[in-house]
Amino acid sequence: MLKKQPARSLISLNNPEKARAYAFLLLKFRLRSENELKSRLKQKGFSQDLAADTVSFLKDKEFIDDRVFAKGWVFSRLKRPLGLRKIRQELAQKGIAKEIIQDALAQASQDYPESQIVSQLAKQRFSKLKGIEPLKAKARVYGYLMRRGFSPDLIGDVIKEL
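With positions in the sequence shown counted from 1, the corresponding number in my numbering is that position plus 20.
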């Protein structure tokens, strides 16, 4: 009796309808990259071929598109706000192609100048550190902005103005 249970679960995990249903469940919560969806399907126990076929099916039916995903991800991360370096790193971890990342970030940098975001964040953070020695406060602001993924040169220029 115990040996039949795993066999049944293997049969159900090789079912394309189950793989698509699970993929749609994942997409219901948020958009996902092709690579991310494929790895989640494999993690669930679906075969690599079935995961690839499911992702291919969803791509053909335009349920997933890495370009749309990248633009949406960049927009949502800029609202946090995060720097373009950090966003580039996150997209690369999600398996997005370099040219798609470049396109999404180029459009974002035109719409949201990073220098304005850094300046605004630095002023907000510096105002919270009023009781601290100015040099230490600037170092803390610098570290904060670096962790958010902004470029060191840009941060240095903004810190000099404070």
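Glycine residues also receive a C-beta, built at the ideal position from the N, C-alpha and C atoms.
> Apart from the five residues just before and just after glycine 103, which ones in its own chain have a Cβ nearer than 6 Å to its Cβ?
Replying inline: Sequence index remark: in the sequence shown, residue 103 carries index 83 (1-based). So the qualifying residues of the chain are Arg168, Gly169 and Phe170.
> Ends of the alpha helix (DSSP H) at leucine 125?
Replying inline: Translated into positions along the sequence shown, residue 125 becomes position 105. Counting along the chain, the alpha helix (DSSP H) containing leucine 125 begins and ends at 118-131.
>> Taking 8 Å as the limit between beta carbons, can you name the residues of its chain near glutamine 109, skipping five residues before and five after?
In response: Residue mapping note: residue 109 aligns to position 89 of the sequence shown, counting from 1. Only Gly169 meet the Cβ criterion.
> If we ignore side chains and look at the alpha-carbon of each, how far apart do lysine 79 and glutamate 54 end up?
Replying inline: As a working note, residue 79 is residue 59 in the sequence shown. As a working note, residue 54 is residue 34 in the sequence shown. Roughly 8 Å separates the two Cα atoms.
> With a CB to CB cut of under 7 Å and the five nearest residues on each side skipped, what residues in its chain are close to lysine 58?
Replying inline: Looking up residue 58 in the sequence shown gives position 38. Once the five neighbours on either side are set aside, the close Cβ partners of lysine 58 are Ala71, Ala72 and Val75.
>> Judging by CA-CA distance, which residue of Glu82, Leu47, Arg97 and Pro154 is the nearest neighbour of serine 129?
In response: Counted from its first residue, the sequence shown places residue 129 at position 109. The residue with the shortest Cα to Cα distance from serine 129 is Arg97.
> Of all the options Lys118, Tyr164, Leu155 and Ile84, which has the alpha carbon lying nearest to the alpha carbon of leucine 47?
Replying inline: Taking the sequence shown and counting its residues from 1, one reaches residue 47 at position 27. Nearest of Lys118, Tyr164, Leu155 and Ile84 to leucine 47, Cα basis: Ile84.
> In chain order, what residues of the same chain lie with their CB nearer than 7 Å to the CB of alanine 124, ignoring the 5 residues before and after it?
Replying inline: If you number the sequence shown from 1, residue 124 lands on position 104. Ala90, Lys91 and Val94, listed in sequence order.
> Thinking C-beta only, is phenylalanine 146 closer than 7 Å to alanine 157?
Replying inline: In the sequence shown, the residue the question calls residue 157 occupies position 137. In the sequence shown, the residue the question calls residue 146 occupies position 126. Their beta carbons are under 7 Å apart, which means alanine 157 touches phenylalanine 146 by this criterion.
>> If I measure Cβ to Cβ from lysine 106 and keep anything under 6 Å in the same chain, skipping five residues before and after, which residues do I get?
In response: Along the sequence shown, one-based indexing puts residue 106 at 86. Hits under 6 Å: Gly169.
>> Please identify the residue among Val161, Pro36 and Gly115 whose C-alpha is closest to the C-alpha of phenylalanine 77.
In response: Reading the sequence shown from its first residue, position 57 is the one you call residue 77. Of Val161, Pro36 and Gly115, the residue nearest in Cα terms is Pro36.
>> If contacts are defined as beta-carbon pairs under 8 Å, then tyrosine 162 and isoleucine 137 qualify, I think. What distance do you get, rounded to the angstrom?
In response: By one-based count along the sequence shown, residue 162 stands at place 142. By one-based count along the sequence shown, residue 137 stands at place 117. Actually they are not in contact, since the Cβ atoms of tyrosine 162 and isoleucine 137 sit about 15 Å apart, beyond 8 Å.
>> Are the CB atoms of isoleucine 120 and aspartate 86 within a distance shorter than 7 Å?
In response: Taking the first residue of the sequence shown as 1, we reach residue 86 at position 66. Taking the first residue of the sequence shown as 1, we reach residue 120 at position 100. For aspartate 86 and isoleucine 120, yes; Cβs fall inside 7 Å.
> Would DSSP call leucine 46 helix, strand or coil?
Replying inline: Position 26 of the sequence shown, counted from the first residue, corresponds to residue 46. In this structure, leucine 46 counts as helix in the three-state DSSP scheme.
> Excluding the five sequence neighbours on either side, which residues of its own chain have a C-beta within less than 6 Å of the C-beta of isoleucine 116, listed in chain order?
Replying inline: As a first step, residue 116 is located in the sequence shown; it is residue number 96 there, counting from the start. For isoleucine 116, where only same-chain residues beyond five positions count, the Cβ hits under 6 Å are Ser53, Asp86 and Ala90.
> Exposed or buried, what is lysine 114 when buried is set at 16 or more other beta-carbons lying within 10 Å of its beta-carbon?
Replying inline: Taking the first residue of the sequence shown as 1, we reach residue 114 at position 94. Lysine 114 should be labelled buried.
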